[in-house]
Amino acid sequence: MNIFSKIINGLKKTKDALAQKFNNLFKKSELSVDFYDELEEILFTSDIGVKTSLYIINEMQSRAKKNGVKTTAGAKSILKDIMLELLTYDEVVFDYPMTLTIVGVNGVGKTTTIGKLAHFFQVIGKSVTLVAGDTFRAAASSQLAEWAKRNKVRIISQGEGSDPSAVVFDGIASAKSKKTDVLIIDTAGRLHNKTNLMEELKKINKITNREWTEAKHINLIVLDATTGQNAISQVDAFKDAIGIDGIILTKLDGSAKGGVVLGIAHEMKLPIYFVGVGEGINDLEMFNAGVFVDAILN
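With my numbering applied, the sequence shown corresponds to residues 1 to 298, in that order.
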């Protein structure tokens, strides 16, 4: 089986929403004003976003003119190149030991994602410890404990209402003593108007950097693909608070709005680390730009 088959299958709804439109568009023989108008409409309605859509159109027109491209076949190649450029960052490299602080608003699938991340790193032979840093939401720790049990990994937690920073401090001390490879820190579902919660996140970030200087520290935001362009405002809030290194996009398999990947990568200048493509524990895949672009354009 193709190792990227889950991503391809996960993009089925997005592909189905776009494939016929792109196929009809590229059946046209020559580039024209009508061609670009139709392309603009396809991009606008694919949750790519106005800013990114206009950037793509302008780049296509500029490159087509510069290279003397006058046919739609040549334009399709240009479109692929532009999309790949928007999604391509330096290769994601995990150095160990490492902390992953996972943030995001309620309802995006953050706890489930953490469980899948634990499984992912175990499969590649790394030891994992979870930290139940969401002491704000009732039952958050117990839900994370279920994932820890399922993955047979350690979990550091305290009671509901405890100081999240204290839990993180304990988690780091435990991970260091046990020589854990990956420490995954859960956090409360933050809302952009919850100033106190954002301050708490800053404190957690400060503790991880101060208490485990030899570890690599990565902040990842979990976004729900089905929310489309609304996801971008969520990134802004967290980016301002603690700095975000990358994105995990969940529920990609349940959305026809996969085009939001392009908008997020372009506007936020952030790489997509993982995509969720199903409900199973194995259904978290590292993102591959080439597979994504081929899936929606071929």
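Ideal Cβ positions, reconstructed from N, Cα and C, are used throughout, including at glycine.
Quick caveat: nothing in here was measured; it's all calculated off a predicted structure.
Can you grab the Cα-Cα spacing for the pair Lys6 / Glu38, in whole Å? 30 Å
Under the rule that 16 or more other beta-carbon atoms within 10 Å means buried, what is Thr250, buried or exposed? buried
Helix, strand or coil for Asp245, going by three-state DSSP, please let me know. coil
Identify the continuous alpha helix (DSSP H) that holds Ile57 and give its terminal residues. Val50 to Lys66
Where the beta strand (DSSP E) containing Ile264 begins and where it ends: From DSSP, Ile264 is part of no beta strand (DSSP E) but of the alpha helix (DSSP H) over Val260 to Met268.
Val153, DSSP secondary structure in three states: coil
Reduced DSSP secondary structure (H/G/I, E/B, other) of Ile348: Residue 348 lies beyond the stretch modelled for the chain, which goes from 1 to 298, so this question has no answer here.
Could you check whether the region 232-239 touches the region 112-124, counting it as contact only if at least three pairs of C-beta atoms, one from each stretch, sit closer than 8 Å? no
Determine, for Asp134, whether the minimum Cβ-Cβ distance to residues of chain D falls below 8 Å. Structure shown: chain D not included; a single protein chain is present.
For the structure I just gave you, are there three or more beta carbon pairs, one from the region 192-207 and one from the region 71-78, closer than 8 Å? no
So is Ile124 buried or exposed if we call it buried at 16+ other beta carbons inside 10 Å? exposed
Nearest-angstrom Cα distance between Leu31 and Ile82? 17 Å
Helix, strand or coil: which one does DSSP assign to Ala295? helix
Boundaries (first-last residue) of the alpha helix (DSSP H) holding Lys206: Thr195 to Glu211
Among the candidates Asn106, Met268 and His217, whose CA atom is the shortest distance from the CA of Asp95? His217
Report the three-state DSSP secondary structure of Gly290 (helix, strand or coil). helix
Under the assumption that Val92 contacts Val131 (Cβ atoms under 8 Å), give the Cβ distance between them as a whole number of angstroms. At roughly 22 Å, the Cβ-Cβ gap does not stay under 8 Å, so Val92 and Val131 are not in contact.
Segment contact flag, the region 8-18 with the region 277-295, C-beta cutoff 8 Å, min 3 pairs: yes
With burial defined as no fewer than 16 other Cβ atoms inside 10 Å of the residue's Cβ, what is the status of Val128: buried or exposed? buried
Roughly how many angstroms separate the alpha carbons of Ile242 and Ile102, rounded to a whole number? 11 Å
Buried versus exposed, by CB contacts within 10 Å (16 or more), Ile3: Unreliable positioning characterises Ile3 in this predicted model, as indicated by a pLDDT of 47, which lies under 50. The coordinate reading is nonetheless provided below. Label assigned to Ile3: exposed.
I need the boundaries of the alpha helix (DSSP H) containing Asn219, first residue and last residue. Element bounds for Asn219: not the alpha helix (DSSP H) but the beta strand (DSSP E), Lys216 to Asp224.
List the DSSP bridge partners of Met98. Val182 and Lys216
For a test of the three-state rule: what should DSSP assign to Glu285, helix, strand or coil? strand
What does a CB cutoff of less than 6 Å around Gly280 pick up in its chain, not counting 5 residues either side in sequence? none
Is the distance from the Cβ of Thr184 to the Cβ of Val222 below 8 Å? The sequence given here places Ile at residue 184; Thr does not occur at that position. Not in contact: Ile184 and Val222 (Cβ atoms no closer than 8 Å).
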